[in-house]
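Peer 1: Can you read through this structure? Questions will come right after.
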Amino acid sequence: SGYSDMAIGLGKMFGFNILENFNYPYLSSSITEFWRRWHISLGSWFREYLYIPLGGNRKGIIRTYLNLVAVFFFTGLWHGADLSFIVWGLYHGFFTILERAGFKKILDKSKILSTIATFCVVTIGWVMFRANDTLSGLRYIARMLMPWHYHGNGIGALSYLDSKTVFIFICAVFGMGIMQSIIPEGIKKKWSGSTVEALYCVFILIVCLGSVASGTYNPFIYFQF
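Going letter by letter, the sequence shown gives residues 70 to 294 in the numbering used here.
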């Protein structure tokens, strides 16, 4: 999302309007909604050039489910010719079909609970996406879901939660586009902010640049796709 936002911002500097590619996907209340918000360009491409040509939802329930399986199979394959990516794609396809089969009516009863449930499903799916192989991913998920296998070695991760990390996290929250969803019309207007607002933006920029400069290099995962 960060790279997409950078492209959108740079495009606006040169007079180009680039469509949003990520629209707060982790606020989704269903997997179906997640794929409307996550990697929008990829989802739109598969919908227009695979799902609809296969018949979409116009040829009965069974055919619709098979079309969804095909779409998510190739979505996983698009990310890499590895079984773990295919399993990740079919994993999302399974929950999408489950929602179409009537489970979404249950989710719609509570927006908060459905959002939490969707977040958990998506998060578990990312384990398979990032796993070196399918077996490693399944073992990792099994340990996540079976707390009695927990051991104290993982507690070391909490050492990263220091005051600097918390401060950067707070800056990130106030510096990201969350305000766009709160006051969308105000964001679209030409900026005529005060000096204080300008200094605030500069402060956020300096903090972000300092964090990047002092940290280690982390390659952008999507460069491999």
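Quick reminder that beta carbons are idealized off the backbone N, C-alpha and C, glycines included.
1. Between Ile100, Arg105, Phe143 and Ile237, which has its C-alpha nearest Tyr118's C-alpha?
2. State buried or exposed for Thr192, treating a residue as buried only when at least 16 other CB atoms are found within 10 Å of its CB.
3. Using DSSP with H/G/I as helix, E/B as strand and the rest coil, what is His148?
4. Does the Cβ of Ile109 lie closer than 7 Å to at least one heavy atom of the ligand PLP?
5. Hey, would you say Phe91 sits closer than 8 Å to Thr187, going by beta carbons?
6. Between Thr203 and Ser263, what straight-line distance do the alpha-carbon atoms span, to the nearest angstrom?
7. Please report how far the alpha carbon of Gly171 lies from the alpha carbon of Phe238, in whole angstroms.
8. Assign Ile87 to one of three DSSP states: helix, strand, or coil.
9. With C-beta atoms as the reference, is Thr165 less than 8 Å away from Ile100?
10. Three-state secondary structure (DSSP) at Gly158?
11. In the structure shown, what three-state DSSP assignment does Trp104 receive?
12. Give a yes or no on whether 8 Å exceeds the smallest Cβ distance from Ile87 to chain C.
13. What's the gap between the Cα of Ile40 and the Cα of Pro94?
14. For Leu137, count the other beta carbons within 10 Å of its own beta carbon; 16 or more makes it buried, fewer makes it exposed. Which is it?
15. Determine the extent of the alpha helix (DSSP H) in which Ala186 is found, giving its start and end residues.
16. Please classify Met213: does DSSP put it in a helix, a strand, or coil?
Peer 2: A quick look at the data gives this:
1. The candidate whose alpha carbon is nearest that of Tyr118 is Phe143.
2. Classification of Thr192: exposed, given that the 10 Å Cβ count is below 16.
3. DSSP places His148 in helix when its eight states are reduced to three.
4. With respect to the ligand PLP, the structure offers nothing, as it holds no ligand at all.
5. No, they are not a contact pair.
6. Across the structure, Thr203 and Ser263 are spaced so that their CA atoms are roughly 53 Å apart.
7. Here the alpha carbons of Phe238 and Gly171 stand approximately 38 Å from one another.
8. Reduced to three states, the DSSP call for Ile87 is coil.
9. Contact: yes.
10. Per DSSP, reduced to three states, the secondary structure at Gly158 is helical.
11. DSSP places Trp104 in helix when its eight states are reduced to three.
12. Although the question refers to chain C, the structure presented lacks it and comprises just one protein chain.
13. Because the chain in this structure spans residues 70 to 294, residue 40 falls outside the shown range and cannot be described.
14. When all chains shown are included, Leu137 counts as buried.
15. Residues Lys180 to Arg199.
16. Helix at Met213.
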